[in-house]
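Be aware that the sequence shown starts at 1037, since it is given in the numbering used here, and climbs by one per residue.
Data first, discussion second: the structure below is written as structure tokens.
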Amino acid sequence: MSLKIRNLAIIAHVDHGKTTLVDQLLQAGGTYRENQATQERAMDSMDLEREKGITIKAKNTAIHWEGHTINIVDTPGHADFGAEVERVMKMVDGVLLVVDASGGPQAQTRFVLRKAMQEGLKPIVVVNKIDRPLATPQKVHDQVLELLLDLDADEDQFNAPFCYGSARDGYFMDHWDDERKDCIPLLKKIIEHIPAPKADPEAPFLMLVSNIEWDEYVGRVAVGKVLGGSVKKG
């Protein structure tokens, strides 16, 4: 049975647009109505995160699109929070690697990509901010390929698909010269290239817990990846 579930993490160097991308995917997946006012950086819930404009703790959310559930973990992009990124890599089946179209791969890009590759994860490369005057998507494409080679990517990882666009303006395309319309091309790539979980729903229940959260209505909540079996309400 092929599960219509995709588990992925969004990784990048700090300030390359990860959290803004999550906001746009939530919008595209119908989490917010088209005319609904949304708070920018919806995944940054800590006061310090909003103040600094960076992600500190990994956050998870989900969108529903074309009959699929896409579970997304937004990870910190700052080197000081690398342990959070390492923990998340064990929870997902693929990653979106976000790279600034004007800055290209940076130090933390290398760090988070290496961690993903060590877990055998295949990236989808998202070249973001192509609307910027200094954007050079072709150059950044080549730089990412050089980085993959330098990190000893296997054939599947090296043949990672690319998407180009602007998270701020809400569009992504298969090629930087395509029509700038919406996020649908990126959502299609996620469904096509991120594998479904390999957990056996008929096996005994087994879950790798990554985080314990507190909810004022239900108390302690365990967040993690189901490795076998299934859970249901009640």
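Yeah, the Cβ is synthetic: ideal placement off N, Cα and C, and Gly gets one too.
Since residue i and residue j are thought to touch, with beta carbons under 8 Å apart, how far apart are those beta carbons, to the nearest angstrom?
| i | j | result |
| --- | --- | --- |
| ALA1244 | MET1127 | It is worth fixing the name first, because residue 1244 is Leu in this sequence and not Ala. Contact flag correct, Cβ pair sits at about 7 Å. |
| ASP1129 | ILE1230 | 6 Å |
| GLU1122 | LYS1151 | 5 Å |
| LEU1184 | PHE1198 | 11 Å between Cβ atoms; not a contact. |
| ILE1166 | LYS1225 | Incorrect: roughly 16 Å between the Cβ atoms, too far for contact. |
| ILE1220 | VAL1134 | At roughly 18 Å, the Cβ-Cβ gap does not stay under 8 Å, so ILE1220 and VAL1134 are not in contact. |
| SER1246 | VAL1259 | 6 Å |
| VAL1124 | THR1111 | 5 Å |
Given this structure, state the Cα-to-Cα distance separating residue i from residue j, to the nearest angstrom.
| i | j | result |
| --- | --- | --- |
| ASN1096 | ASN1043 | 10 Å |
| ASP1136 | GLU1238 | 43 Å |
| ALA1171 | GLY1139 | 8 Å |
| THR1056 | ASP1236 | 34 Å |
| GLU1191 | ARG1204 | 32 Å |
| ASP1059 | GLY1255 | 27 Å |
| PRO1233 | ILE1041 | 7 Å |
| GLN1174 | PHE1241 | 46 Å |
| SER1202 | GLY1103 | 25 Å |
| ASP1213 | VAL1180 | 19 Å |
| ALA1196 | LYS1158 | 7 Å |
| ASP1251 | ASP1178 | 45 Å |
| ASN1164 | PRO1141 | 11 Å |
| LEU1187 | ALA1048 | 16 Å |
| ILE1099 | LEU1062 | 6 Å |
| ASP1218 | TRP1101 | 14 Å |
| VAL1267 | TYR1253 | 20 Å |
| ARG1216 | HIS1052 | 19 Å |
| GLU1228 | LEU1132 | 13 Å |
| LEU1149 | ALA1189 | 10 Å |
| HIS1211 | TYR1200 | 6 Å |
| VAL1050 | PHE1147 | 12 Å |
| ALA1143 | LYS1269 | 43 Å |
For residue i, name the three-state secondary structure that DSSP assigns.
| i | result |
| --- | --- |
| ARG1146 | helix |
| HIS1052 | coil |
| ARG1256 | strand |
| PRO1240 | coil |
| VAL1262 | strand |
| VAL1128 | coil |
| GLU1155 | coil |
| ILE1220 | helix |
| VAL1245 | strand |
| THR1074 | Note that THR1074 scores 49 on pLDDT, short of 50, meaning its location in the model is unreliable; the coordinates nonetheless yield the value given after this. In this structure, THR1074 counts as coil in the three-state DSSP scheme. |
| GLY1062 | In the sequence under discussion, the amino acid at residue 1062 is Leu, which differs from the Gly named in the question. LEU1062 falls in the helix class under three-state DSSP. |
| LYS1269 | coil |
| LEU1170 | coil |
| ALA1119 | helix |
Per DSSP, which residues does residue i bridge with? Please list them.
| i | result |
| --- | --- |
| LEU1133 | ILE1047 and VAL1161 |
| GLU1228 | DSSP, once it has assigned bridges, lists no residue as partnering GLU1228. |
| THR1105 | ILE1041 and HIS1100 |
| ASP1251 | GLY1255 |
Is the beta carbon of residue i within less than 8 Å of some heavy atom of the ligand COA?
| i | result |
| --- | --- |
| GLY1206 | Here there are no bound small molecules, and the ligand COA is not part of this structure. |
Is any beta-carbon of chain D found at less than 9 Å from that of residue i?
| i | result |
| --- | --- |
| ARG1256 | The displayed structure is made up of one protein chain only, and chain D is not part of it. |
Restricting to runs no shorter than 4 residues, where is the alpha helix (DSSP H) found entirely within the segment 1173-1214? Within the segment 1173-1214, the complete alpha helix (DSSP H) runs of at least 4 residues are 1173-1186 and 1191-1194.
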